[in-house]
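For the sequence shown, the residue numbers in our numbering are 84 to 834.
Ideal placement from N, C-alpha and C gives every residue a C-beta, glycine not left out.
Let me begin by presenting the structure, written as structure tokens, before commenting on it.
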Amino acid sequence: MDNIAEENRMIPHAADETRHVGPRDLGAPAVSSGFFNKAQNLVVHNPIMVDNSTTTIQNMISNGKTVLEHLAPYAEPRAELYSNARHPPPSCHEGTRARTRKRLWDWFNDVERDQRRERQSLPSQSNSERLTDDVRGDLTMKWLRGSAGTGKSAVAQTFAEECAKESPSRLGAVFFFSRANGFNDHTRVIPTLAYQLAVNCLPYKLALTEQLVSDPQLLEKAPPTLFKKLVVDPFLKVQAENRQPVQQPYLILLDGLDECHGEDHQCELVEMIAEAARTYNVSLPLRWLIISRPEEHLKYVFADVQLECSVEELLIDGQCREDVRRFLRDGFAQIRKKCRNRIPQGWPPMDEFKVVEKMVDGLFVFGSTILKDIGNRTYDDPVHRLTTLVSFLKDVKVTGIANPLEVLDKFYTCICDNISEAQFSTTWRILAHLIYMPGGYGDVFSPENSAQGLCNFLHIDQSTFYGSLRKLHSVINIPEPEDAGKSPLRFFHTSFRDFLTDSNRSGRYHIGETKAITEVIKSMLFWCEIDATHFHSHHGTVRFVNDIYYNGPLPNLKWVSAQNEKRISYSIIRYSTSGTRPWWLFRRLASDNLDDFGLLLRMKDFDFRYIAIEDEFDFFKTFIAWLCKQDHLNEVIRTEPTDEIDHHLLSYLDILLEGRSKRPASLSTVVYDWSLGGLERPFEYLFLGKGPKAIIMCKGFKYSADLIGLNANEPSGAPLLHLRYRLSLMDHRPIIPPSPTLTDGEGDLFN
């Protein structure tokens with residue numbers, strides 16, 4: 084509380100016209116050479132103050148922003164300890180993993196070091212043993228590793244919560260990676276840690292402010308520079324200048340490092356931390372707990388830093404099996420309590436409990452999944468469900484499977500088997516989009532950010548959506564309808580996502596990337612066409628991405644309310660049509676040698692007249708490359724006119740070019756040719772689409788961005804001038820009436 088009060092005194096009150104100013108208000112140290120040194124009860128009107136002794140005078144402000152406001156856009160709040168995106172987080176069941184948590188606590192509090200020093204004082208120890216203890220006696224890094232499903236994240240969450248409770252002033256920062264839920268961007272890790280450290284440590288916050296004031300572009304730097312400037316240097320400055328030096332180290336916890344995007348980035352994080360620990364061991368008041376699966380590349384990188392890092396392993400041993408047994412026993416007791424009117428005394432039978440216990444074999448995620456499945460309200464009969472599962476597990480036992488993860492895969496298969504044939508295609512679509520939909524960017528929010536948004540993006544109704552997921556409550560966190568507008572679908576554990584994306588494990592339930600991305604593209608094309616034909620048919624020309632704007636609620640949304648219809652419509656439109664989508668997604672299909680007749684058939688019927696394209700062909704060329712490969716009969720893409728519409732399009736192009744030389748593009752080389760600029764060569768064209776839905780695209784070569792499209796509406800007036808300017812036929816941009824704003828005149832879309 085003292086730190087909070089101190090910080091509040093140091094924040095400038097710009098709106099106050101008169102303030103009482105004392106030395107503490109300036110954030111100065113106890114002894115200062117500033118111009119208010121030892122002054123008290125001074126009244127200053129409209130003050131603008133500069134303390135030349137320290138740049139903290141600007142009081143966490145650069146360009147009017149506090150240091151936290153500077154960091155916030157670069158941070159990932161969803162990865163924090165108590166974030167709503169992780170609620171409810173995994174945690175250790177009471178009494179489980181107690182020894183591991185005790186060892187972590189001893190490490191954090193230097194108990195291991197003290198014990199080593201006691202052993203070193205014994206005369207019987209050899210010099211070599213003492214040297215090893217000296218080197219390893221004050222390790223500031225610990226790697227907690229364990230295979231999938233052993234409860235690593237539960238240990239991480241519980242240990243961090245215990246630290247927050249027992250030593251709240253020493254919990255520095257945490258980052259919980261999640262590949263399945265999209266908070267695994269390596270560029271956000273260091274700003275997120277810095278943000279939390281600034282909240283939890285006032286002296287660090289002041290030192291960090293000085294860094295950001297002296298270099299306003301610091302947050303745009305590469306991770307190694309960020310780590311040095313945002314984490315290491317501020318703490319070194321705090322310790323060196325003796326401004327409230329940190330007496331006990333802060334805990335920084337990174338959970339799920341193996342889920343961070345890119346193996347190289349994972350290793351880079353470890354190496355940066357180890358280098359800091361090696362160089363500033365005594366001066367840097369930080370202890371790093373890194374938690375992950377024992378992936379091969381991580382084993383190698385931790386082996387290289389073993390002098391700085393100790394290792395703790397979550398094993399499936401006798402103690403772990405006893406912990407899981409307790410977890411299962413208490414879990415069944417909870418189910419019995421909730422359904423006491425339908426469950427007999429003494430349930431579950433000991434023989435059935437022992438079958439479950441033996442097959443779970445110490446794997447927490449397996450036990451948790453079984454309890455969720457038996458307690459699933461959609462079955463409404465825990466007794467029968469347990470009996471069914473026991474029969475299944477006995478069959479698995481007969482096969483003699485040794486690896487518990489293989490048993491887990493069998494169990495996931497059993498869960499998927501319960502999805503009806505009639506519903507499975509919809510279930511598959513939902514899961515495919517959940518796994519493979521690209522995330523949003525900038526102000527573009529992905530519809531998958533809410534279950535209701537995803538439901539509408541897939542153009543299915545609420546009943547179908549929930550009906551298709553009703554057998555998956557044990558593996559997916561499915562929000563209630565009243566929460567679905569703000570809460571997304573989430574996998575309870577990455578292992579189910581991994582199971583679905585590995586054909587060797589999931590078999591007929593496999594969700595492959597190519598097929599899934601094809602479905603995502605089809606969904607985007609559906610909304611592109613809806614948006615274009617309902618709101619942009621007055622344009623008369625092909626649009627460009629910077630001409631996109633919001634016109635009103637989309638028609639025929641399946642599940643919206645008056646409160647969120649505009650927000651969901653805006654999200655779908657922006658996501659499906661902005662930033663060169665869906666065209667750039669075809670790059671993820673280009674390497675596939677299989678003909679995709681379903682998607683090609685969709686393109687044959689697609690209305691290209693009012694699409695939005697990027698003026699840089701590079702963003703469109705992967706779609707053209709895919710189309711040239713798939714459209715063997717040149718029904719969708721061609722260079723020669725095939726009907727009256729095509730001839731009209733050619734004549735409109737002549738009007739636009741005013742007699743300048745043109746020629747058909749070569750489809751065999753168009754992807755390369757149309758990426759060029761700075762050339763003197765004729766304009767080239769090709770046709771996209773069929774009949775009245777077709778357009779003609781034209782490429783100029785003065786600049787690489789010289790690309791336009793025409794539809795069957797004869798261009799004239801301002802649009803014609805605009806297209807000539809885009810083909811570099813005019814030296815100056817024509818004056819074009821401004822497009823409507825991003826609202827429809829009814830105020831903020833998100834109200």
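- Taking C-beta atoms under 8 Å as the contact rule, glycine 234 and arginine 161 fail to qualify, at a distance of about 21 Å.
- Taking a contact as a CB-CB distance under 8 Å, the pair proline 274 and leucine 295 does not count as one, their CB atoms being some 11 Å apart.
- In the three-state DSSP reduction, arginine 588 falls in the helix class (H, G or I).
- In the structure shown, valine 394 falls within a strand segment according to DSSP collapsed to helix, strand and coil.
- Beta-bridge analysis with DSSP links tryptophan 226 to Ile373, Val394.
- Under the three-state reduction of DSSP output, glutamate 767 falls in the strand class.
- Under the DSSP assignment, aspartate 338 falls outside any alpha helix (DSSP H), being part of the beta strand (DSSP E) whose first and last residues are 333 to 338.
- Here valine 365 is exposed: its Cβ has fewer than 16 other Cβ atoms, across all protein chains shown, within 10 Å.
- Look at cysteine 246 here: in three-state DSSP terms it is helix.
- Going by C-alpha positions, threonine 496 is about 8 Å away from tyrosine 592.
- Taking C-beta atoms as the reference points, methionine 607 and arginine 664 count as a pair closer than 7 Å.
- According to the DSSP assignment, isoleucine 518 belongs to the alpha helix (DSSP H) that extends over 504 to 519.
- Residue environment for glutamine 428: exposed (fewer than 16 other C-beta atoms within 10 angstroms of its C-beta).
- The DSSP-derived three-state label of alanine 645 is coil.
- Across the set Phe507, Thr241, Arg809, the C-alpha of Thr241 shows the shortest separation from the C-alpha of histidine 176.
- Taken through DSSP and simplified to helix, strand or coil, leucine 541 comes out as coil.
- Between aspartate 434 and threonine 660, the alpha-carbon positions lie close to 58 Å from each other.
- Distance check between aspartate 614 and each of Ile694, Arg588, Asp544, Ser546 places Ile694 closest, using alpha-carbon atoms only.
- Counting other Cβ atoms within 10 Å of its Cβ, lysine 185 stays below 16 and is therefore classed as exposed.
- Distances from the CA of leucine 337 to each of Ala645, Glu163, Val394, Pro530 were compared; the closest alpha carbon is that of Glu163.
- Secondary structure of glycine 792 (DSSP, three-state): strand.
- Between the beta-carbon of methionine 813 and that of leucine 803 there is about 11 Å, and that puts the pair past the 8 Å contact cut.
- The stretch 275 to 287 makes contact with the stretch 147 to 158, as at least three CB pairs between them are under 8 Å.
- With respect to asparagine 264, cysteine 343 sits apart: the two C-beta atoms are not nearer than 7 Å.
- By the neighbour-count criterion, in which 16 or more other beta carbons inside 10 Å mark a residue as buried, aspartate 341 falls on the buried side.
- The three-state reading of DSSP puts lysine 420 in helix, counting H, G and I together.
- Just measuring C-alpha positions, the residue of Val353, Ser174, Ser533, Leu710 sitting nearest valine 238 is Ser174.
- Per DSSP, glycine 450 is one residue of the alpha helix (DSSP H) stretching across 447 to 457.
- Membership of phenylalanine 258 in the beta strand (DSSP E) is indicated by the continuous run 254 to 259.
- Sixteen is the threshold: since fewer than 16 other Cβ atoms of the shown chains lie within 10 Å of the Cβ of glutamate 489, the residue is exposed.
- Under the three-state reduction of DSSP, asparagine 364 is assigned to coil, being neither helix nor strand.
- Between the C-alpha atoms of glycine 760 and isoleucine 779 there is a straight-line separation of about 20 Å.
- Ser252 is the residue among Ile604, Ser570, Ser252 whose C-alpha sits nearest the C-alpha of valine 329.
- Taking one beta carbon from each stretch, the stretch 794 to 803 and the stretch 738 to 745 have 3 or more pairs nearer than 8 Å; the two touch.
- Inclusion of leucine 769 and aspartate 789 in the CB contact set at 7 Å is not warranted, their separation being larger than that value.
- Residue pairing by DSSP places cysteine 781 opposite Tyr768, Ile791 in a beta bridge.
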